[in-house]
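As structure tokens, the structure follows; a few thoughts come after it.
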Amino acid sequence: MTTAFPAGITRPAVPLWWDELGRRILRLDTAVMVAVIVAAGIILAAAILALSRGDRAAGDRIDTRHPVRREGLSAFLSDTMVLTRRNLLLSLRTPQLIVAGALMPVMFVLLFRYVFGGSIHVAGYHSYVDFLIPGIIVQTSLFGGSSSAVSVAEDMSLGVIDRFRSLPTYHGAILTARTLADLVRLTYTVGLMILIGLLVGFRFHNGPAPILAGVGIALLFGYACSWLFALLGLVVRNVETATLASFMVIFPLVFAASTFTSTETMPDWLRTFANAQPVTQVIDALRALTQGSGSAEGPMLSALAWSAGILVVSATLAIRRFRSF
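Going by the working numbering, the sequence shown opens with residue 111, and the numbers climb by one from there.
Rendered as structure tokens:
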């Protein structure tokens, strides 16, 4: 890894210890990194289980027609798997939604690659498409997460959530299953974006491990945003309002960022916001890890910190909101 971004591309200065911590993480053995990711997943599941434990007992008391099921992490995981399968089956039975969800990012790729791309030149990049595709992937992660808001609001309006709440099911498992199903769909869409990108000229310029790390960060950010939008769906509880509210959140974050062009051309006040907000941080990390043209440590840690913060805060607030109904 080099120590500077490409000429003309700047990012907010970060402390040296932040960069050094990132270098140490990148030097970790692959098995250690996998172990850390698995441990983080177990800790998150345990936290959700702890937040929803009381609701499971309440559900058992309310519906005495159903036998009391075993408690603990295994029961929570079992409920999550069953509900995730239910959400994925519903998605497979409405393939038009999957196709429509994939078409929009494809249209953005073609629009900016062949219509606007000829007039956009970003210093430090030989081809604009190498700058564009990481931005499109992160944009896709954000849009993919927004489907959680619509799905949760739809389940609320149709009474599906009320039915689940009457059963001895962990309340945390209901929201976790929703976000996991959206993560599966997001993985498919991101894979499609990479394939489309390769077809229109995008190329990776780094080793496989940094590339996988970059895609993993984009998926983690998308998963964190799924919890954020699930919280939004619980607040508005209406499909139309959830759709409009999601766009009001997405558009400032996507367009006031380095998604399609460098932030250097923006006014000072807007550039300050654009460089600091999470979408730019995740895009910078993905570009550095996939292109190998700049320091990846600082942006990678900033992207992980933003994703973890959004995930923890949104999941906690969403489960608390769910329990308050």
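We treat Cβ as the ideally placed atom computed from N, Cα and C, and that holds for glycine.
- Shown here, VAL209 sits in a helix according to DSSP, grouped into three states.
- Restricted to the region 331-387, the alpha helix (DSSP H) segments that are unbroken, complete and at least 4 residues in length are 349-365, 378-386, listed in chain order.
- Within the model, the alpha-carbon separation for VAL346 versus HIS236 is close to 45 Å.
- Within a 10 Å sphere around the beta-carbon of THR299 sit 16 or more other beta-carbons, which makes this residue buried.
- Look at ARG431 here: in three-state DSSP terms it is helix.
- Distance from the CA atom of ILE360 to the CA atom of PHE253, rounded to whole angstroms, is 7 Å.
- It is roughly 26 Å from the alpha-carbon of ARG203 to the alpha-carbon of ALA355.
- Only residues of its own chain outside the window of five on either side were considered, and among them LEU252, GLN387, PRO388, VAL389 have a CB closer than 8 Å to the CB of LEU363, listed in chain order.
- Here ARG295 carries a helix assignment [DSSP, helix/strand/coil].
- Exclusion of the five residues before and after LEU427 leaves LEU341 as the residues of its chain whose Cβ lies within less than 6 Å of its Cβ.
- Pairing ASP378 with SER336 gives a Cβ-Cβ distance that is not under 7 Å.
- Taking the C-beta atoms as reference points, SER417 is found nearer than 7 Å to PHE331.
- If you check the CB distance, PHE312 and THR400 do not come in under 7 Å.
- Judged by DSSP secondary structure, ARG196 falls within the alpha helix (DSSP H) whose first and last residues are 183-202.
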